[in-house]
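What follows is one structure encoded as structure tokens, with my remarks underneath.
6 protein chains.
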Amino acid sequence: MSEAKSILVVGAHAADFVWRAAGAVAVATARGARATVLCLSYGERGESGELWKEPNQTVENVKRIRHQQGEQAAAAIGAEFRCLDLGDYPLEIGREALEQLTDIVRELEPDVILTHTEKDPFNPDHPVAHSAVLKARQLASGAGVASGFKTIKPPRLYLFEPHQPELCGFVPTTFVDITPVFERKQAAMAAMAAQKYLQRYYTELAERRGNHARRISGNSEVRYAEAFQRVVPEVLSHL
Amino acid sequence: MSEAKSILVVGAHAADFVWRAAGAVAVATARGARATVLCLSYGERGESGELWKEPNQTVENVKRIRHQQGEQAAAAIGAEFRCLDLGDYPLEIGREALEQLTDIVRELEPDVILTHTEKDPFNPDHPVAHSAVLKARQLASGAGVASGFKTIKPPRLYLFEPHQPELCGFVPTTFVDITPVFERKQAAMAAMAAQKYLQRYYTELAERRGNHARRISGNSEVRYAEAFQRVVPEVLSHL
Amino acid sequence: MSEAKSILVVGAHAADFVWRAAGAVAVATARGARATVLCLSYGERGESGELWKEPNQTVENVKRIRHQQGEQAAAAIGAEFRCLDLGDYPLEIGREALEQLTDIVRELEPDVILTHTEKDPFNPDHPVAHSAVLKARQLASGAGVASGFKTIKPPRLYLFEPHQPELCGFVPTTFVDITPVFERKQAAMAAMAAQKYLQRYYTELAERRGNHARRISGNSEVRYAEAFQRVVPEVLSHL
Amino acid sequence: MSEAKSILVVGAHAADFVWRAAGAVAVATARGARATVLCLSYGERGESGELWKEPNQTVENVKRIRHQQGEQAAAAIGAEFRCLDLGDYPLEIGREALEQLTDIVRELEPDVILTHTEKDPFNPDHPVAHSAVLKARQLASGAGVASGFKTIKPPRLYLFEPHQPELCGFVPTTFVDITPVFERKQAAMAAMAAQKYLQRYYTELAERRGNHARRISGNSEVRYAEAFQRVVPEVLSHL
Amino acid sequence: MSEAKSILVVGAHAADFVWRAAGAVAVATARGARATVLCLSYGERGESGELWKEPNQTVENVKRIRHQQGEQAAAAIGAEFRCLDLGDYPLEIGREALEQLTDIVRELEPDVILTHTEKDPFNPDHPVAHSAVLKARQLASGAGVASGFKTIKPPRLYLFEPHQPELCGFVPTTFVDITPVFERKQAAMAAMAAQKYLQRYYTELAERRGNHARRISGNSEVRYAEAFQRVVPEVLSHL
Amino acid sequence: MSEAKSILVVGAHAADFVWRAAGAVAVATARGARATVLCLSYGERGESGELWKEPNQTVENVKRIRHQQGEQAAAAIGAEFRCLDLGDYPLEIGREALEQLTDIVRELEPDVILTHTEKDPFNPDHPVAHSAVLKARQLASGAGVASGFKTIKPPRLYLFEPHQPELCGFVPTTFVDITPVFERKQAAMAAMAAQKYLQRYYTELAERRGNHARRISGNSEVRYAEAFQRVVPEVLSHL
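The following block contains the structure:
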């Protein structure tokens, strides 16, 4: 497995990448990789309640703030920030949006794509994002046989950790040690001022997954980790 | 994930390692690792029918021949060969045999252990081996907390591919490219003269898994591969 | 777990609630709760064959009869009856219908929602209803974080028993003792004159589930029960 | 289980039926059954790369060639060939296409339908085909109760073997011995000149499944077999 | 799939075969097959409570009565009755008992074996029986390769329906139409006087499974059926 | 579901009950229930490493200290402490130990039993405990039919949360709000001086499960919770 030179994170909402994958992204960019964060919506309805408490708030202003915060968080981990602004609660992805997504996958030719789990009983948009990313990845890379359009090398696909993992069918296959870059993840989380209450929650998650990673690897240096579930097998040249 | 310096393959019978893991072992030894093949029995009853066609055959002689063949096959891939001679059809592993197995795991401190799947509707001994290896690995490495006995670093655990994978619940998570060492695997297979009819079968399997690995990785150099299922997650320092 | 004060049953067709949940609804209304039955369609094509045997039958008349029967059955168990009349075989739920459904969930603020299983190899409309109810429940109650719209307390979600449970992936987590109200369920079933042949079938089911409930609880008073599968965990203040 | 007199194979692309079910179809037609191959698309984008290497190739010409090849392959196994030409990569099936498909199921009244698995991480069109076939089969045969439209006897439903079975959740329940008709399957495969490289692959698959079938049945006459997964149970008059 | 000429039913207790498989056995014997019922214990502790209500009851007498009843029930469906008398609650099967069981499988060379499910949260003995039957079947028939002992043709293996199917992981793959022999099943049930209360329960189950079988097959002649789960795939010469 | 008057927690080692169930036990005793903690071993080998760092440590002394700590922790939550002292790493439970366990279940007649999950890739003793508790519960309560021995009312069975839940197949079905008694759980944890490093870990787990419980219930008062998986269904008199 060669190291990722280009990583794409696709989230249903503007902040998903921060809590679930900012560490792995920061590790990649610290090692010279290119990283792109793609948000399918700003999460302006479902997860921006703090902003809506402001008097005279408008949806345009909520989106503007979420864009700024997303950009700032992405910058903290060395990633580019993009948003398709497809709307949330519910997020819907028709043929045109699927083509947009596929074109971005083709353009970026990522080695790794990170996205949501197939199920999430607590969020109607996450499974929609999952399903669209799976399709876009297949449409961009073909079925492994000669096809009538340009294809890219099939990216590795990982699911990031949902809020209530067992109820989403999430079983970790991969832990990434994010100890060396944990301050960057903290900076990214700090940028998401609208969801401040999640910072402590996800710091503890990183410690806990660090604990799991230590037990599994026997490497006592791991302090913080993120968990992922790999969807298609890896191909190794040796064990 | 650092490269394996020591690999242990545990098979229920003397020939299991050849068909299922000889390629991955040969890759490891070619890169300087130590490899040990541990057979729990000689498979003298369940899979030595060809030998029993000889007139006046005895169980001692069957075991002797199986030992020679196993040793020769192991030598072809640079591995040491050992057999606990616990009997087959049915293989039974009591407390004493479990301790023997645990002691060997402690002695070798392998980075990687390879063994059978949890289920196999076509073989009564494979699940028994699986269960014993899981226990021995845990007894040797502890539960990740301070314990009252010497523990080793927890080895990575992979299951090798059974004869009818779907019916054994086998889902590959890892393909190892064995193209550079495929001749060695062929030599190992050739040593198992008692089960000659399997050589073509497993050559084709290696090609087919090579096909799968090519499609997944987009690496057109892979011609032969072996498939494995990883049981505990990996811990990475980056993607 | 506090007792339900408001219950919503969503069925794909006009009669689903009768066979699958009339007992649990009757128990609730007998204890003072409000109950609403919402049918997504009248089932005028897929399950009204008896009515179509009448000469000169029209779809309007079939719907009219199904409405009367549904209303009568709902009345027998103390529930209100509504129908969205979205058509059946196939039932399709677009954005607008999803919003209607979400608005009803918001309006009723039910403590409990009952609906179909995720899979049903014998009915194309049941999974469509399941999926829409899951989404509507999430859209109405938010993701548990502050959102930009009014949210209701997340209702408990139960699936009711399908016709061939194992093939629909149904595994009961909850039995409701309907012994005290079984006559009401019988009255509700009697109202569905178009599907008379099902009355004995579902009486026996209630006895069988009563048998199961007796064995599980050790309570020999249970004679009739309905089985449900809870989808999100319960939160208790004590065991 | 009475023998199939009419078989319908539904593939997402023009060649799917050849690799996955040509043997079972040839067995059926050799015994006097009627067989129909229905392709939802020509696979003109996703699996016709060889044809697109020709200079000045057009999509009409690719479709024309794929039609000819499909017809020829179908003829080799005694089947009729039809194509809905709905487009591929991505294949999309709206209400109208679903009705077309349902009408064909009603018209043919097949005893057996063969189609793709529910999941396929390597092909975006296969699950779309699966889902549409399930719906069409239900819409044509009703829910087992009296309905307001003409229904046919519910066809047995089998999934055929995908390229990477374990990753698609495929677990075989049924092997069909295709030894007597294997030459016909080879002729059908030879007709698909655009995907010549798959012929050896699927010959070996047939041998391997033959090996599995021999071990399971103890019938040493089986040399070639195809594997299928039955979705709804069988009803037997005796074991 | 050729018709079974010899059927073996293995139950943990003396009465299991009656409720769960008497119909399928009666169908077989009515068609000329040989059927053997093998009980691993008399169920003298776990399911003979009615007998223990007699004053001065002894375990020998309970076993004697259970033997008579089992024999009578077996006679009603044309089967031979045997019991290994290994004790129940808990049933334990050591090496010697496993050999006894294997010898019987070898002796009878059954085409079909019927036994309990792998899990049963309501009975500690059923999974023990399941596991022993799986092993004995494999030890008697070998692994499909040449072995050093006499092997029989691998029998088809079916699990019969447990009391609470979903909680035991039971998913039917096969229904047997027992309409023509239902009176024999009733006679067999009547023989088990110690568990009289189960007769109505299992009559209704047979009707319900008959209902399922009718819906699946479209054959309106089926009135009574038994459901089974096939464990290893079938090998067919045609669909 | 009536409230538990008697609770039994069975752990493989002396400290398991503290981390995994002390809160639910404290809630029960605060409401007047009787609680018993039963440890199958002292965990003297596998999880007492801190104690073995003392010079001249002996196994008797380790057990003595573990007994004191267990007793003190149990006292903090109002429970009685017992230990069968069967040895750990590996824990083995033969016929005699199973009878001891069954007798204790019969003696206590608990309404609720709490124990380990069926799988745990990080601990060889937890699944052994799980399996023995399941059997003992069944042997004590019978199969729901009249049996030849005294039976108790079948206790509700819950699995408590393992260290790495997803890898153990743990899916929560039940959260218990332990906010009112959280200080008692802290006192119990403080008593386990040999595993001090786990106190912060399990405090955070309680907060995280509290977060989950808040989101699910919408009850903002929940600050600390424990998660459990219910194994057999509940029987309710109403929803």
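Residue numbers (the numbering used here), protein chains in the order written: chain A, 961 to 1199; chain B, 961 to 1199; chain C, 961 to 1199; chain D, 961 to 1199; chain E, 961 to 1199; chain F, 961 to 1199. Using N, Cα and C, we set each Cβ at its ideal position, and we do this for glycine too.
Taking the beta carbon of residue i as the centre, do at least 16 other beta carbons fall within 10 Å, making it buried, or is it exposed?
i, result
"C:Gly992", "exposed"
"E:Gly1170", "buried"
"C:Asn1021", "exposed"
"D:Asn1083", "buried"
"B:Gly1054", "exposed"
"A:Phe1200", "A question about residue 1200 of chain A goes unanswered here, because the residues of chain A that appear run from 961 up to 1199."
"E:Thr1018", "exposed"
"F:Ser1180", "exposed"
"E:Lys1113", "exposed"
"C:Tyr1157", "exposed"
"D:Ala1015", "The amino acid at residue 1015 of chain D is misidentified as Ala; the sequence shows Pro. It counts as exposed."
"A:Glu1059", "exposed"
"A:Glu963", "exposed"
"C:Arg1024", "exposed"
"F:Lys1013", "exposed"
Show which residues of chain C have a CB atom less than 7 Å away from the CB atom of residue i.
i, result
"D:Val1191", "Pro1081"
"E:Asn1021", "Those within 7 Å of E:Asn1021 in chain C number zero; the least Cβ separation is about 27 Å."
"D:Gly1102", "Gly1006"
In chain B, which residues lie with their C-beta within 7 Å of the C-beta of residue i?
i, result
"E:Phe1109", "Arg1005"
"E:Ser1199", "Rather than Ser, the amino acid found at residue 1199 of chain E in this sequence is Leu. Under the 7 Å cutoff, chain B gives no residues; its nearest Cβ is about 20 Å from E:Leu1199."
Could you tell me which chain E residues have their CB closer than 7 Å to the CB of residue i, listed as they occur along the chain?
i, result
"F:Lys1095", "Pro1050, Pro1084"
"C:Tyr1162", "Those do not exist, as C:Tyr1162 stays about 11 Å from chain E at its closest Cβ, beyond 7 Å."
"D:Ala1173", "Val1195"
Using a threshold of 6 Å, is the CB atom of residue i nearer than that to any non-hydrogen atom of the ligand ZN?
i, result
"F:Gln1060", "Here there are no bound small molecules, and the ligand ZN is not part of this structure."
For a contact defined as C-beta to C-beta under 9 Å, what are the partners of residue i on chain D?
i, result
"B:Phe1130", "Glu1126"
Under 8 Å between beta-carbons, which chain D residues line up against residue i? List them in chain order, please.
i, result
"B:Tyr1002", "In chain order: nothing, as chain D lies at least about 22 Å away."
Give the interface partners of residue i over in chain B, defined as CB-CB distance under 8 Å, in chain order.
i, result
"E:Leu1099", "Tyr1049, Pro1050, Pro1084"
For residue i, return the contacting residues in chain C, with the cut-off set at a CB-CB distance below 8 Å.
i, result
"F:Asn1179", "Val1195"
"F:Val1182", "Val1195"
List, in chain order, every chain A residue whose beta-carbon is nearer than 8 Å to that of residue i.
i, result
"B:Lys1013", "Near B:Lys1013 there are no residues of chain A at all, since even the closest Cβ is about 38 Å away, more than 8 Å."
Residue i versus chain F: which residues are under 9 Å apart at the beta carbon?
i, result
"A:Ile1168", "According to the sequence shown, residue 1168 of chain A is Arg rather than Ile. What A:Arg1168 touches in chain F: Tyr1161, Glu1164, Leu1165, Arg1168."
*Whole alpha helix (DSSP H) runs in the stretch 1047 to 1103 of chain F with 4 or more residues, listed along the chain?*
1055 to 1068, 1086 to 1101
*Ordered list of beta strand (DSSP E) runs contained in the stretch 994 to 1036 of chain A, each at least 3 residues*: 994 to 999
_Can you pull out the residues from the stretch 972 to 997 of chain A whose beta carbon lies closer than 8 Å to at least one beta carbon of chain B?_
Ala984, Val987, Ala988, Arg991
_Inter-stretch contact at 8 Å, needing at least 3 Cβ pairs: the stretch 1159 to 1174 of chain A / the stretch 967 to 977 of chain B_ = No: the two stretches stay apart, fewer than three of their Cβ pairs being nearer than 8 Å.
*Counting Cβ pairs, one atom from each stretch, are 3 or more of them under 8 Å apart for the stretch 1131 to 1150 of chain F and the stretch 1028 to 1037 of chain F?*
yes
_the stretch 1013 to 1032 of chain E in contact with the stretch 1048 to 1068 of chain E per 3-pair CB rule at 8 Å_ = In short, these stretches do not touch, since the Cβ pair count stays below three.
_Please give the ranges of any alpha helix (DSSP H) in the stretch 1120 to 1159 of chain E, keeping only runs that are unbroken, at least 4 residues long and fully inside the region._
Every alpha helix (DSSP H) of 4 residues or more that sits fully in the stretch 1120 to 1159 of chain E is shown, in chain order, as 1142 to 1151.
*chain F contacts from the stretch 1062 to 1076 of chain C (Cβ-Cβ distance under 9 Å)*: Asp1071, Val1072, Leu1074
*Taking a Cβ distance cut-off of 7 Å, strictly less, list which residues of the stretch 1032 to 1044 of chain C are near chain F, in chain order.*
none
*Assess, as a yes-or-no matter, whether the stretch 1148 to 1156 of chain E is touched by the stretch 971 to 981 of chain E under the definition of 3 or more beta carbon pairs within less than 8 Å.*
yes
*Do the stretch 1085 to 1103 of chain A and the stretch 998 to 1010 of chain A make contact, defined as three or more Cβ pairs closer than 8 Å?*
yes
*Return the residues of the stretch 1133 to 1148 of chain D that lie within a Cβ-Cβ distance of less than 7 Å from chain E, sorted by chain order.*
Thr1133, Thr1134, Phe1135, Val1136, Asp1137
*Evaluate contact between the stretch 1070 to 1079 of chain B and the stretch 1179 to 1194 of chain A, counting only Cβ atoms and requiring at least three cross-stretch pairs below 8 Å.*
no
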